[in-house]
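J.: Below: one structure in structure tokens.
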RNA sequence: CGGGGCGUAGCGCAGUCUGGUAGCGCGUUCGGUUCGGGUCCGAAAGGUCCCCAGUUCGAAUCUGGGCGCCCCGACCA
């Protein structure tokens, strides 16, 4: 492509609405344009990158025998009612009526559609396993779209679904997908962790996420040099020890001291000797009191798992009604049976704590959780800085990450209610055992930019760079410069290299800045070196350049091109 | 959904407090100049000042309502 003919609207200044690096650079380099909050047009450059990432995804999915299909984004609401996710999806799903008053939705994911497809077409165990995938637009009415392509309301996802006869087949499919995902992200040139994760709304028996380390990310993971890696939502750990002192048993007056910080400071204790009590209400309206050490944070994900159903924090009025007291003075003391008490496993049952007295302006000292009449112990806390790895005992690191892929073992969560069954060897009808696997393609691009950009602009991994090579011709009015540049452009194009020829009549500095911003891994500068019979080959990420004789320049670039791809494996 | 910020030319902003001809820089177009890290000079085009209502002789500016965008939090395959 000749730049003089291309639509690449680069920006010199930082758009005021963008804060994170990838968003700023995507706008500045003319990859995307915003239409509304969380809704973007892919411009030619951005779409080229997307197509390359999608091409890699497609190759690796095909390589494990998955078959590409395309399902509709427009869904009748009925299929979502069949699985109950009509309600579970809540506000995240776009809903509306058609002209006849029928309920419709824009699909935020496709388990229901795929299950409907399978139940109409899969009859026998002989047809299993199957893996079907698509790259298609998802719609999610996110409460807060943000950070450019990192959280959007309309986005392209690669989603695949496996249909299996039993758990072993599912394990195999899951393993194949994990391996394919590793290849995909390796080939895209990005760094990532594979972490144990929560299944959330998807349900099922196991899941792992592919996480790219980045400060722009919205998730945190806990990792250890020994190979342990889990999403903070569910990560387990050995808690750091807490200092404590003996306390006399009894009520203490704590006027207007509500937070752990206020009370512990008031009483001269470490926050770890406080017992934090948080009230939640389950979907079935059951109140749950979660008790944790004061220096720990609750993981709502873990509490949800322990509760066995969806939960939400109790409203202050509800707390008042159930306990007769205010948030800030809650404790596990003296409750009726209607409140389920869950105590975090890091709480030492024999340690004397200070906790709420369920009486305004009072706490109870010297309280032990072994005093609680009826309670269950569960892992409820979020990994805290200083916690140790359960596997090897060394300190865990907490890292901010972007989620680019997620794989789930669904089991029969969708096939059972939707009656997607097959006949096994004995002629018995069984629900299909399913898995689902997603990749946010746009996030691959954003993550790559976050990982490798420098002060001058993007540094694309070559496999997903919109252009692999840029030829910067300085002084387009110099016939010799232009004939050398044209020759290289022609030669590289014929070799199938994706090359952008900057043939614009602009000053050198301007063209260099634009080239740096766009981030093509290889730049060929054709300028005054031509007099000496050389051009310059510049590596964008390393910022190193070598002079190459004009005659062998084409071959040198081809060699470098191959080398850069080889690095990605 | 709670809190905060913002909305004026394609982009970045000033002007709003204290009502009176809508400005600056970048970009764009034209002419010249320059030509290896966002040249310099000159000229020009480009605006429902987010929308609606009100106050006023007069509203970008004051008042009320609405919408949109960004950030923090809540939430979130």
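Residue numbers (our numbering): 1 to 569.
The beta carbon of each residue, even a glycine, is placed where N, CA and C say it ideally should be.
Going by beta-carbon coordinates alone, are residue 54 and residue 135 separated by less than 8 angstroms?
T.: The answer is yes: Cβ separation under 8 angstroms.
J.: When you compare only the Cα positions, how much space is there between residue 419 and residue 130?
T.: If you take the alpha carbons of residue 419 and residue 130, they lie about 17 angstroms apart.
J.: So, using beta-carbon positions, are residue 92 and residue 141 closer together than 8 angstroms?
T.: Result yes, Cβ atoms of residue 92 and residue 141 sit closer than 8 angstroms.
J.: One question on the structure: do residue 132 and residue 67 come within less than 8 angstroms of each other, judged by their Cβ atoms?
T.: It is a contact, given that the beta carbons lie within the stated cut-off.
J.: Measuring alpha carbon to alpha carbon, tell me which residue in 51, 511, 548 is nearest residue 3.
T.: Measuring from the Cα of residue 3, the nearest candidate turns out to be 511.
J.: The beta strand (DSSP E) that contains residue 187, what's its start and end?
T.: First-last for residue 187: 167-187, but that is the alpha helix (DSSP H), not the beta strand (DSSP E).
J.: Can you give me the Cβ contacts of residue 447 inside the same chain, cut-off strictly under 7 angstroms, excluding the 5 residues immediately before and after it?
T.: Contacts found: 190, 212, 214, 402, 404.
J.: Which residue marks the beginning of the beta strand (DSSP E) containing residue 131, and which one marks its end?
T.: Where residue 131 is concerned, the enclosing beta strand (DSSP E) stretches over 130-139.
J.: Buried or exposed: where does residue 210 fall if 16 or more other Cβ atoms within 10 Å of its Cβ makes it buried?
T.: That one is buried.
J.: Assign residue 516 to one of three DSSP states: helix, strand, or coil.
T.: Of the three classes helix, strand and coil, the one that applies to residue 516 here is helix, per DSSP.
J.: Would you mind giving the Cβ-Cβ distance between residue 302 and residue 380, rounded to the nearest angstrom? I have them listed as a contact below 8 angstroms.
T.: Correct: roughly 5 angstroms between the Cβ atoms.
J.: Between residue 428 and residue 167, which are expected to be in contact by the criterion C-beta below 8 angstroms, what is the C-beta distance as a whole number of angstroms?
T.: Between residue 167 and residue 428 the Cβ distance is about 16 angstroms, and since that is not below 8 angstroms, they are no contact.
J.: Please report the distance separating the alpha-carbon of residue 540 from that of residue 498.
T.: Taking the straight line joining both Cα atoms gives about 16 angstroms.
J.: Starting from the Cα of residue 474, find the closest Cα among 521, 526, 466, 496 and give me that residue.
T.: Closest by alpha carbon: 526.
J.: Cutting at 6 angstroms between CB atoms, please list the residues of its own chain near residue 327, excluding the five before and the five after it.
T.: Closer than 6 angstroms at Cβ, skipping near neighbours: 316, 319.
J.: How is the beta strand (DSSP E) around residue 423 delimited, first residue to last?
T.: Looking at the DSSP string, the run of the beta strand (DSSP E) that includes residue 423 is 421-423.
J.: Residue 103 bridges to which residues according to DSSP?
T.: In the DSSP output, where bridge partners are listed per residue, residue 103 has 97.
J.: Would residue 7 be called buried (16 or more neighbouring beta carbons within 10 Å of its own) or exposed?
T.: Exposed, by the Cβ-count rule.
J.: Under 8 angstroms by Cβ, that's how I've got residue 466 and residue 170 pegged, so tell me the actual separation to the nearest angstrom.
T.: Residue 466 to residue 170, Cβ: 38 angstroms. No contact.
J.: Please classify residue 14 as buried or exposed, where buried requires at least 16 neighbouring CB atoms within 10 angstroms.
T.: Exposed, since its Cβ has fewer than 16 Cβ neighbours within 10 Å.
J.: Would you say the segment 514-528 touches the segment 470-490, given that touching needs at least three Cβ pairs under 8 angstroms?
T.: Touching, yes, given that three or more Cβ pairs across the two stretches are closer than 8 angstroms.
J.: Where does the unbroken beta strand (DSSP E) through residue 329 begin, and where does it stop?
T.: Segment: none, residue 329 is in no beta strand (DSSP E) and carries neither H nor E.
J.: By DSSP's criteria, residue 313 is part of a beta bridge. Which residues make up the other side?
T.: Answer by DSSP bridge pairing, in chain order: 280.
J.: CB-CB under 8 angstroms to residue 97, same chain, minus the five flanking residues each way: which ones, in chain order?
T.: So the list reads 103, 104, once near-sequence residues are dropped.
J.: When DSSP builds the beta bridges, which residues end up paired with residue 273?
T.: Answer by DSSP bridge pairing: none, since residue 273 is not bridged.
J.: Given a cut-off of 8 angstroms on the beta-carbon distance, is the pair residue 409 and residue 181 in contact?
T.: No. Outside cutoff.
J.: Find the nearest neighbour of residue 145 within the set 89, 224, 39, judged by alpha-carbon distance.
T.: Checking every option, the nearest Cα to that of residue 145 belongs to 39.
J.: My guess is that residue 42 and residue 32 are in contact by the Cβ rule of under 8 angstroms, so how many angstroms apart are they, rounded?
T.: Right, the Cβ-Cβ distance comes to about 6 angstroms (below 8 angstroms), so this counts as a contact.
J.: Label residue 284 either buried or exposed according to how many other C-beta atoms from any shown protein chain fall within 10 Å of its C-beta, with 16 as the threshold for buried.
T.: Label assigned to residue 284: exposed.
J.: What does the alpha-carbon distance come out to for the pair residue 10 and residue 407?
T.: Rounded to the nearest angstrom, the two C-alpha atoms are 37 angstroms apart.
J.: Put residue 304 into one of helix, strand or coil per three-state DSSP.
T.: Correct three-state label for residue 304: helix.
J.: Counting pairs of beta carbons, one from the segment 221-238 and one from the segment 440-454, are three or more of them closer than 8 angstroms?
T.: No, the segment 221-238 is not in contact with the segment 440-454.
J.: Name the residue from 530, 400, 373, 546 whose alpha carbon lies nearest to the alpha carbon of residue 537.
T.: Ranking 530, 400, 373, 546 by Cα distance to residue 537 puts 546 first.
J.: How long is the line joining the alpha carbons of residue 559 and residue 382, rounded to whole angstroms?
T.: Between residue 559 and residue 382, the C-alpha separation is close to 49 angstroms.
J.: For a test of the three-state rule: what should DSSP assign to residue 414, helix, strand or coil?
T.: If DSSP states are grouped into helix, strand and coil, residue 414 belongs with coil.
J.: Only counting the same chain, and skipping five residues up and downstream in sequence, which positions put a Cβ closer than 7 angstroms to that of residue 263?
T.: Around residue 263: 254, 257, 274, 354, 363.
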